[in-house]
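In this note's numbering, the protein residues as written are 18 to 703.
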Amino acid sequence: MTHKEVYRLEGLSCTNCAAKFQHNVEQIEGVESVNLNFGAAKLEVTGDVTIEALEAAGKFDNIKVRPAYMKAAHHDPFYKRKENIPFFIACALFIVSIMSGKYIGDAHIITIILFIMSMIVGGSRLFVEGMKGLIKLKFDMNVLMTIAVIGAALIGELQEGAMVVILFAISEMLETYAMDKSRAGIASLIDIAPDTALVMKGDTFIEVDVIDITPDSIVRVLPGKKVPVDGMVIEGQSTINEASITGESIPVSKHSEDRVYAGTLNITGQLLVRVTAHSNDTKLAQMIHLVEEAQSKKAPAQQFVDRFAKYYTPFIMIIALCVIIIPTMFGGDFKHYLYQGLSILVVGCPCALVISTPVAIVTAIGRAAKEGVLIKGGVHLENTGHINTIAFDKTGTLTKGEPVVVLREDFETQRDAYIYALELDSGHPLSRAITVGLSEDSKVEVDNYEVIAGMGVKGIINGTEYRIGKQEFFQLSRETITRIDELYVSGSTVVIFGEYDKAYTVFFIKDTVRDEAASVIQQLKRMNIKTLMLTGDNESVGTSIGEEVGVSTVHAGLLPEDKLHLIQQYQQSSKVAMIGDGVNDAPALAQADVGFSMGGAATDTALETADIALMKDNLGDLPKVIDLSRRTMKVIKQNIAFALGLKLLAILLVIPGWLTLWIAIFADMGATLLVTLNSLRLMRKY
Numbered sequence: 018m019t020h021k022e023v024y025r026l027e028g029l030s031c032t033n034c035a036a037k038f039q040h041n042v043e044q045i046e047g048v049e050s051v052n053l054n055f056g057a058a059k060l061e062v063t064g065d066v067t068i069e070a071l072e073a074a075g076k077f078d079n080i081k082v083r084p085a086y087m088k089a090a091h092h093d094p095f096y097k098r099k100e101n102i103p104f105f106i107a108c109a110l111f112i113v114s115i116m117s118g119k120y121i122g123d124a125h126i127i128t129i130i131l132f133i134m135s136m137i138v139g140g141s142r143l144f145v146e147g148m149k150g151l152i153k154l155k156f157d158m159n160v161l162m163t164i165a166v167i168g169a170a171l172i173g174e175l176q177e178g179a180m181v182v183i184l185f186a187i188s189e190m191l192e193t194y195a196m197d198k199s200r201a202g203i204a205s206l207i208d209i210a211p212d213t214a215l216v217m218k219g220d221t222f223i224e225v226d227v228i229d230i231t232p233d234s235i236v237r238v239l240p241g242k243k244v245p246v247d248g249m250v251i252e253g254q255s256t257i258n259e260a261s262i263t264g265e266s267i268p269v270s271k272h273s274e275d276r277v278y279a280g281t282l283n284i285t286g287q288l289l290v291r292v293t294a295h296s297n298d299t300k301l302a303q304m305i306h307l308v309e310e311a312q313s314k315k316a317p318a319q320q321f322v323d324r325f326a327k328y329y330t331p332f333i334m335i336i337a338l339c340v341i342i343i344p345t346m347f348g349g350d351f352k353h354y355l356y357q358g359l360s361i362l363v364v365g366c367p368c369a370l371v372i373s374t375p376v377a378i379v380t381a382i383g384r385a386a387k388e389g390v391l392i393k394g395g396v397h398l399e400n401t402g403h404i405n406t407i408a409f410d411k412t413g414t415l416t417k418g419e420p421v422v423v424l425r426e427d428f429e430t431q432r433d434a435y436i437y438a439l440e441l442d443s444g445h446p447l448s449r450a451i452t453v454g455l456s457e458d459s460k461v462e463v464d465n466y467e468v469i470a471g472m473g474v475k476g477i478i479n480g481t482e483y484r485i486g487k488q489e490f491f492q493l494s495r496e497t498i499t500r501i502d503e504l505y506v507s508g509s510t511v512v513i514f515g516e517y518d519k520a521y522t523v524f525f526i527k528d529t530v531r532d533e534a535a536s537v538i539q540q541l542k543r544m545n546i547k548t549l550m551l552t553g554d555n556e557s558v559g560t561s562i563g564e565e566v567g568v569s570t571v572h573a574g575l576l577p578e579d580k581l582h583l584i585q586q587y588q589q590s591s592k593v594a595m596i597g598d599g600v601n602d603a604p605a606l607a608q609a610d611v612g613f614s615m616g617g618a619a620t621d622t623a624l625e626t627a628d629i630a631l632m633k634d635n636l637g638d639l640p641k642v643i644d645l646s647r648r649t650m651k652v653i654k655q656n657i658a659f660a661l662g663l664k665l666l667a668i669l670l671v672i673p674g675w676l677t678l679w680i681a682i683f684a685d686m687g688a689t690l691l692v693t694l695n696s697l698r699l700m701r702k703y
């Protein structure tokens with residue numbers, strides 16, 4: 018029976034290497050299918066294969082493979098890695114050869130041999146891969162460099178050829194460093210959860226690998242330790258820092274029947290937790306999966322660069338050939354223009370261009386994940402920067418989604434025990450708001466209890482029928498109705514308790530606005546983004562909330578399909594984002610150019626449908642994500658400009674005949690360095 022295994026990769030530096038590695042793995046006997054996620058450095062293989070065989074397939078790029086459930090091994094510094102020994106030997110030979118040239122002459126046989134040895138030792142892997150590509154007519158950066166170095170040797174420029182080999186190795190190191198740093202966000206998530214846990218076996222607790230823990234097991238979480246898997250507290254109480262899941266640093270109090278999540282930190286007390294999910298299905302694991310899937314989805318900008326790079330390398334080779342042939346046909350010095358053409362091959366290496374977009378996208382998605390924001394793909398990150406209209410759901414998005422009693426008026430003697438008895442089992446959010454401030458003073462029996470859908474509840478207590486619900490549920494006198502109208506709190510819902518024709522107590526209940534809602538709306542307006550509110554609530558409540566937070570337009574009394582149609586209407590003239598948290602928001606979230614869900618309280622449907630999840634359940638992250646998106650797109654454009662601009666500038670040096678192999682390799686390495694450093698600016702906290 019075939020099975021699928023997931024592996025983590027180390028040393029995967031460029032997209033060309035990734036494509037070649039995937040092709041090599043596909044050729045391994047027993048492998049049925051391969052899926053390689055370059056951004057997340059993750060490999061999925063269906064079939065029978067060993068880690069040794071996988072590493073053999075990636076030997077050309079020193080790719081290391083480990084099972085997905087294993088934590089990353091400690092990385093030795095560059096100078097301690099065995100695979101880099103040839104680089105150090107080549108550097109030593111190069112230095113000795115320069116000294117030899119100074120004292121006994123560049124033309125001396127010893128100097129020549131030293132330079133040749135430096136090139137062979139330092140560029141052996143480069144030459145092997147370059148010749149393979151040349152034979153197969155696959156013109157990648159290895160082919161360009163191989164032709165340039167061999168050509169330089171043939172025309173006697175041994176010193177520059179050796180220098181190209183060494184500087185190209187340094188350029189590749191920079192590229193690997195850039196991708197490793199950009200993957201740091203997802204790597205930190207993977208390392209959050211502990212490897213082992215204390216699991217109950219009989220009357221004792223033994224240490225077990227987390228991957229072997231099954232649902233319904235009982236684990237003990239000691240103070241100062243991380244929660245190993247998702248579960249429910251069955252004994253004890255403590256405060257837990259859930260920043261690893263939500264991004265919110267304020268500890269949360271946990272008691273019996275509260276949920277806890279893998280990777281969160283238990284601070285004060287000891288807890289017994291019943292496991293509810295396998296380690297591969299925890300909320301943390303789901304977050305990691307979403308981020309990795311996001312990093313594998315290419316943004317339009319990256320797709321453009323990939324298409325451009327496909328034609329770029331052959332184009333550079335044609336230019337180099339023209340520089341060599343055309344001037345020579347008109348009497349130019351062949352050796353001089355051959356040297357110029359070889360320099361163009363070096364400067365035309367597409368390394369910086371190829372990583373210009375993925376390093377920025379992966380860095381931004383990883384940075385957002387560390388802040389509790391899940392962006393499900395580069396395309397969504399890019400689209401977020403283009404939105405100019407945002408539609409907000411009201412309940413749970415602009416408001417807290419927790420109705421509270423803002424005013425209570427008693428027209429008769431208080432009958433709290435009666436109210437409590439009627440509302441206790443209702444289950445309606447308004448009923449919960451009413452019972453929060455009440456307690457059962459004495460045991461009250463309710464007979465003939467009945468729920469009237471859309472109106473309220475009624476029942477007989479001590480021989481009298483009492484009811485609680487909407488005003489329409491009663492037949493009240495004009496005087497009572499007038500009195501209720503005078504007390505009315507703007508934007509509130511009225512709930513009445515009494516008999517059919519008498520009002521004993523009136524509650525005015527209101528869903529309170531999020532503390533940060535008004536300031537977020539103001540920030541969005543300063544960013545030239547139009548704000549809308551779409552709510553199923555009535556016009557009065559919707560208008561009141563809309564005015565309080567400052568949204569531009571309010572649409573009230575909407576069904577889910579109405580929200581969908583409104584999004585479609587606005588999309589005719591705008592790029593529209595939708596933010597919500599409920600099942601009824603899912604159609605609009607899916608239709609919008611970008612769908613945001615309030616992750617902390619969102620339903621599973623909203624989370625699955627949305628393109629971006631604000632796991633911290635803080636509306637203040639919305640403008641931050643938009644700003645991150647805009648900054649990312651600026652960085653990508655700057656990277657492309659750096660990569661192409663430096664190369665174009667170097668190529669123009671051909672006209673006065675100033676281009677050298679030294680300048681060419683420094684231009685290529687400089688572009689890679691600029692792209693790397695510019696992208697890593699996105700790692701700073703937004």
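We treat Cβ as the ideally placed atom computed from N, Cα and C, and that holds for glycine. Quick caveat: nothing in here was measured; it's all calculated off a predicted structure.
Check, Outcome
"Identity of the residues DSSP links to K59 by a beta bridge", "R25 and N54"
"Proximal residues to E556 (C-beta, below 7 Å), its chain only, five neighbours per side dropped", "A573 and G574"
"Beta-bridge partners of M407, as assigned by DSSP", "In the sequence as presented, Met is not what sits at residue 407; that position holds Ile. In the DSSP output, where bridge partners are listed per residue, I407 has T548 and A594."
"Cut-off 8 Å between Cβ atoms - residues of its own chain near D518, not counting five sequence neighbours on either side", "F491, Q492, L493 and S494"
"From M550, K76 and T522, residue whose alpha carbon lies closest to that of A535", "M550"
"Identity of the residue in N479, L455, T452 and M472 nearest N465 by Cα", "N479"
"Candidates Q589, P604, A609 and L583: closest to M595 by CA position", "A609"
"Beta-carbon proximity of V246 to M632, cut-off 9 Å", "no"
"Cβ pair E49, T63 closer than 9 Å", "yes"
"Sequence-distant residues of its chain with Cβ nearer than 6 Å to G6 (five each side left out)", "Nothing about residue 6 can be reported from this structure: the residues present for the chain run from 18 to 703 only."
"Reduced DSSP secondary structure (H/G/I, E/B, other) of N555", "coil"
"C-beta atoms of V371 and I682 nearer than 9 Å", "no"
"N695 (DSSP reduced to helix, strand or coil)", "helix"
"Exposure label - Q586; buried when at least 16 CB within 10 Å", "exposed"
"A630, DSSP secondary structure in three states", "strand"
"Contact check, M180 vs F111, beta carbons under 9 Å", "yes"
"Cutoff 6 Å; reference E43; Cβ partners in own chain excluding five residues on either side", "V51"
"Which listed residue (I102, T299 and G674) has its alpha carbon closest to that of P211", "T299"
"Residue closest to N41, alpha-carbon to alpha-carbon, out of I404, F55, A70 and D532", "A70"
"At least three beta-carbon pairs within less than 8 Å, the stretch 415-428 to the stretch 510-529", "yes"
"Backbone CA spacing between S448 and D442 [nearest angstrom]", "9 Å"
"Uninterrupted alpha helix (DSSP H) stretches inside the stretch 333-364 (no shorter than 4 residues)", "351-364"
"Span of the beta strand (DSSP E) around E482", "T481 to G486"
"Cutoff 9 Å: G150 Cβ touching any chain C Cβ", "Although the question refers to chain C, the structure presented lacks it and comprises just one protein chain."
"Segment limits, beta strand (DSSP E) that includes A214", "T213 to K218"
"For F514, the three-state DSSP class (helix, strand or coil)", "strand"
"Cβ-based neighbour list, H403, same chain, cut-off 6 Å, excluding 5 preceding and 5 following", "K592"
"C-alpha distance - L583 paired with L151, whole-angstrom precision", "56 Å"
"Whether V250 touches A279 by CB criterion (9 Å)", "no"
"Alpha carbon of R276 to alpha carbon of Q254, nearest angstrom", "12 Å"
"L694 classed as buried or exposed, judged by whether at least 16 other C-beta atoms fall within 10 angstroms", "exposed"
"Beta-carbon gap between L415 and I436 smaller than 9 Å", "no"
"Rounded C-alpha distance that separates P268 from V138", "56 Å"
"K243, enclosing alpha helix (DSSP H) - first and last residue", "Unbroken run through K243: none, as it is neither H nor E."
"CB of L184 within 9 Å of CB of T163, strictly", "no"
"DSSP three-state assignment for Y278, whether helix, strand or coil", "coil"
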